[in-house]
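In the numbering used here, the protein residues as written are 344 to 642.
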């Protein structure tokens with residue numbers, strides 16, 4: 344197939360007009376959005392507004408007047424629409440790796456009364472997910488193990504010893520996509536919980552977390568959500584689990600001040616928020632969140 348034939352097909356594509364929403368060089372065919380999404384044209388103006396007006400003129404008042412304090416929940420709510428979740432189940436915060444640490448720790452804590460000690464994942468999973476699991480296992484010191492299997496052996500590896508199944512929805516090398524509903528159902532049937540990494544699927548393919556009964560999910564903002572390099576990530580916790588851990592202070596172990604029930608009262612002791620807000624840790628990057636919001640709106 345020639346370049347001219349490809350251009351002709353592009354011209355007939357009903358989605359072709361979306362290219363005009365991005366600041367792409369005219370002679371570039373960009374196929375690397377799976378690594379870094381393109382720059383939406385509206386992003387520069389939004390970021391400039393945040394810097395020049397909200398920060399420059401509004402100063403500290405903008406935490407309230409420009410609703411900076413609401414950005415993690417607001418952008419999370421918009422991402423929720425893309426992944427089949429409720430707005431109160433998704434928060435934008437930190438990085439994918441940090442968010443995985445949070446939810447994997449929660450999942451293992453929910454299973455702590457059982458003899459389940461195995462985290463099942465696939466050998467072809469994105470390396471950082473495996474590193475986070477290994478580090479958490481070492482930190483906990485409770486005899487957990489990370490069991491890595493070939494992709495075709497995942498179902499067979501899930502049994503009564505499995506605490507958590509940790510998988511990436513779309514493989515970062517091959518583009519193959521797991522059957523989320525089938526694997527989640529299989530895990531639940533064996534008494535295990537499931538953590539899905541949506542980094543290579545959110546914003547690119549339909550995702551239905553609640554319809555599939557997913558427990559936890561995480562994903563990044565700089566690929567198909569076009570939030571820019573190093574954009575904040577997102578975390579999903581099913582509402583049933585938020586309720587289950589409501590009385591467990593350290594079910595999310597990164598107990599930062601913005602995850603507190605009343606962060607601006609500056610209490611000496613930690614009391615977690617009774618919502619997805621407990622998965623916040625430190626002060627969010629407002630400029631980066633503003634850029635991500637434009638990217639999500641573009642999707």
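By construction, the Cβ of each residue, glycine as well, lies at the ideal position given by its N, Cα and C atoms.
Since this is a predicted model, take the numbers as computed values, not measurements.
Beta-ladder partner(s) of residue i, from DSSP
{"i": "residue 322", "result": "Because the chain spans 344 through 642 in this model, residue 322 falls outside it and cannot be assessed."}
{"i": "residue 562", "result": "577"}
{"i": "residue 603", "result": "615"}
{"i": "residue 365", "result": "383"}
Selection from the options that minimises the alpha carbon distance to residue i
{"i": "residue 652", "options": "427, 633 and 608", "result": "Lying outside 344 to 642, the shown extent of the chain, residue 652 is not represented and no answer is given."}
{"i": "residue 396", "options": "518, 594 and 409", "result": "409"}
{"i": "residue 527", "options": "637, 640, 510 and 606", "result": "510"}
{"i": "residue 578", "options": "614, 344 and 416", "result": "416"}
{"i": "residue 372", "options": "385, 350 and 357", "result": "350"}
{"i": "residue 545", "options": "560, 619 and 507", "result": "560"}
{"i": "residue 569", "options": "529, 531, 519 and 640", "result": "640"}
First through last residue of the beta strand (DSSP E) which encompasses residue i
{"i": "residue 506", "result": "505-511"}
{"i": "residue 539", "result": "536-540"}
{"i": "residue 433", "result": "433-435"}
Where the alpha helix (DSSP H) through residue i begins and ends
{"i": "residue 476", "result": "470-483"}
{"i": "residue 439", "result": "439-453"}
{"i": "residue 351", "result": "346-355"}
{"i": "residue 416", "result": "414-426"}
{"i": "residue 636", "result": "629-641"}
{"i": "residue 554", "result": "Unbroken run through residue 554: none, as it is neither H nor E."}
C-beta atoms of residue i and residue j nearer than 7 Å
{"i": "residue 632", "j": "residue 575", "result": "yes"}
{"i": "residue 589", "j": "residue 617", "result": "yes"}
{"i": "residue 492", "j": "residue 500", "result": "yes"}
{"i": "residue 555", "j": "residue 542", "result": "no"}
{"i": "residue 597", "j": "residue 580", "result": "no"}
{"i": "residue 634", "j": "residue 390", "result": "yes"}
Practice problem: State whether the stretch 374-389 contacts the stretch 354-366, with contact taken as three or more CB pairs (one from each stretch) at a distance under 8 Å. | Solution: yes
Quiz prompt | the stretch 422-442 / the stretch 457-464 touching (three or more Cβ pairs under 8 Å) | solution = no
Practice problem: Take every Cβ of the stretch 520-539, pair it with every Cβ of the stretch 404-422, and state whether three or more of those distances are shorter than 8 Å. | Solution: no
Quiz item: With a cut-off of 8 Å, do at least 3 Cβ pairs link the stretch 605-620 to the stretch 465-477?
Solution: no
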